[in-house]
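Protein chains in written order, with our numbering: chain A, 3 to 220; chain B, 169 to 407. The block underneath contains the structure these notes are about, expressed in structure tokens.
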């Protein structure tokens with residue numbers, strides 16, 4: 003093995019930064035979309051109406067039993083077909099991530115809502131609030147606070163999962179690293195570098211989770 | 169939407185064979201990787217609770233490293249980087265003579281990654297046990313190894329069955345990452361059928377149904393395991 007030469011990283015900096023930009027954008031949009039859809043799924047599962055609860059449970063169980071890569075392939079194939087013209091990999095991937103992550107966020111949020119004492123809902127009803135007002139003003143704010151550490155953990159997992167857009171050649175940080183690695187013949191340097199970057203970001207995130215969890219416990 | 173349905177394509181040769189072969193490969197990868205993941209995860213989980221500081225630190229470092237790097241990066245690391253940084257003879261053997269290097273690499277990468285997640289479950293299972301129990305065991309003259317073998321592990325291994333089951337389910341899904349290094353498992357085969365026939369609906373539906381079937385079988389089987397192992401009168405499994 004020859005000596006390592008990390009100058010390849012410095013030379014490709016703009017390309018890699020662009021890739022990281024796409025990774026982070028995809029992560030943030032998928033978290034936002036996944037949480038909105040996930041909240042609706044959680045409320046549906048806890049609504050007490052059998053058809054609604056069953057449909058939500060079916061969605062969650064179906065999505066949670068298939069691999070993310072298969073979901074990405076599904077929507078890479080479906081979205082252009084449904085729209086009738088090519089839309090580019092980014093939107094297909096974003097939809098796939100929102101659909102997929104909503105099932106996981108839904109379960110986290112459901113647990114969070116269940117952690118709010120029943121008395122809170124009853125007190126809300128007694129003081130004349132309606133269902134949506136109780137959810138918005140009483141239950142969800144408390145539930146969100148309880149589940150913040152788990153939500154951030156899921157965000158870290160999601161950030162790692164965005165590397166899978168590699169399978170549809172979307173230029174995220176991972177795919178950009180692979181392209182540079184192959185073009186410059188510097189596989190060892192680029193994969194070590196990519197591993198280091200992902201580790202630094204995700205490890206910092208996991209330290210944040212520990213702090214949040216300590217504060218929630220205090 | 170303009171689409172020509174053709175479900176019969178799934179039963180045609182060679183596509184039916186591709187799907188069946190892919191499903192078998194998915195199960196093979198997942199089960200082989202699980203042997204590594206469970207064995208190593210158990211060992212690491214125990215190390216994280218040992219009275220020995222060096223063991224705790226080493227296991228914690230392993231867990232943090234393997235949990236905080238995407239599985240895809242790890243897969244590429246073992247496949248592309250390992251043969252380069254090993255001594256020349258070993259690297260050449262991997263590249264030229266090792267039988268089925270893609271399959272072996274996928275199993276190794278998936279096993280080592282999942283071990284870090286199993287380790288966390290085992291650790292929390294051990295730490296959830298009331299401290300009075302191991303204290304009583306030490307007080308009655310047991311050594312550390314005996315405390316683990318006769319007191320801590322029999323309880324912890326039962327309480328962690330539900331979370332470990334979810335890791336076991338995840339390993340089947342994560343085995344799909346093997347396609348990135350060229351293993352034609354279930355997801356790869358459905359993608360390949362789509363490319364050959366343009367029947368994406370049929371091919372991806374078939375793969376989805378097979379994954380759901382695998383998940384159902386695993387869930388039912390693990391329920392049986394949990395029920396069989398339950399200690400009467402101990403509500404450790406209620407969670």
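Heads up, the beta-carbon is just placed ideally off N, CA and C, and yes, glycines get one too.
It is roughly 12 angstroms from the alpha-carbon of residue 184 of chain B to the alpha-carbon of residue 354 of chain B.
A direct Cα-to-Cα measurement between residue 194 of chain A and residue 183 of chain A gives close to 11 angstroms. Residue 236 of chain B is classed as buried because its beta carbon has at least 16 other beta carbons within 10 Å across all chains shown. By the Cβ neighbour-count rule, residue 268 of chain B is exposed, with fewer than 16 other Cβ atoms within 10 Å of its own.
For the pair of segments examined, the segment 108 to 116 of chain A was found to touch the segment 32 to 40 of chain A: the number of CB pairs separated by less than 8 angstroms reaches three.
The segment 202 to 210 of chain B makes contact with the segment 278 to 294 of chain B, as at least three CB pairs between them are under 8 angstroms. CA-to-CA, the gap between residue 115 of chain A and residue 46 of chain A works out to about 12 angstroms.
By the rule that beta-carbons nearer than 8 angstroms mark a contact, residue 330 of chain B does not touch chain A. Using a Cβ-Cβ cut-off of 8 angstroms, residue 156 of chain A does not count as an interface residue toward chain B, since no Cβ of chain B sits closer than that to its own. Using beta-carbon distances, residue 208 of chain A counts as an interface residue toward chain B, with a partner under 8 angstroms. Within 8 angstroms of the CB of residue 273 of chain B, no CB atom of chain A is found; the nearest one sits about 13 angstroms away. For residue 152 of chain A, the closest of A:208, A:49, A:60, A:90 by C-alpha to C-alpha distance is A:208.
What residue 383 of chain B touches in chain A, judged by beta-carbon distance under 9 angstroms, is 63, 66, 67, 68, going in chain order.
Leaving aside the five residues that flank residue 293 of chain B on each side, the residues in its chain whose CB is nearer than 6 angstroms to its CB run, in chain order, 324, 327, 328. Rounded to whole angstroms, residue 364 of chain B and residue 349 of chain B show a C-alpha spacing of 20 angstroms. For the 8 angstroms CB-CB criterion, residue 287 of chain B and residue 231 of chain B form a contact. By the Cβ-count criterion, residue 175 of chain A is buried, with 16 or more other Cβ atoms from all chains shown falling within 10 Å of its own Cβ. Sequence-distant partners of residue 192 of chain A (beyond 5 residues in either direction) whose C-beta falls short of 6 angstroms from its own C-beta, in its chain, are 179, 182, 183. Across the set B:392, B:384, B:397, the C-alpha of B:384 shows the shortest separation from the C-alpha of residue 66 of chain A.
In the three-state reduction of the DSSP assignment, residue 112 of chain A falls in the helix class, which pools H, G and I.
Within the same chain, Cβ atoms closer than 7 angstroms to the Cβ of residue 240 of chain B are found at 345, 348, the five residues on either side in sequence being excluded. Bounds of the alpha helix (DSSP H) holding residue 331 of chain B are 329 to 342. At a cut-off of 8 angstroms between C-beta atoms, residue 165 of chain A counts as an interface residue with respect to chain B. When Cβ-Cβ separations below 8 angstroms define contact, residue 281 of chain B makes no contact with chain A.
Spanning the alpha carbons of residue 55 of chain A and residue 78 of chain A requires a straight line of approximately 29 angstroms. Secondary structure of residue 74 of chain A (DSSP, three-state): helix. With respect to chain B, the C-beta atom of residue 116 of chain A has no partner C-beta closer than 8 angstroms.
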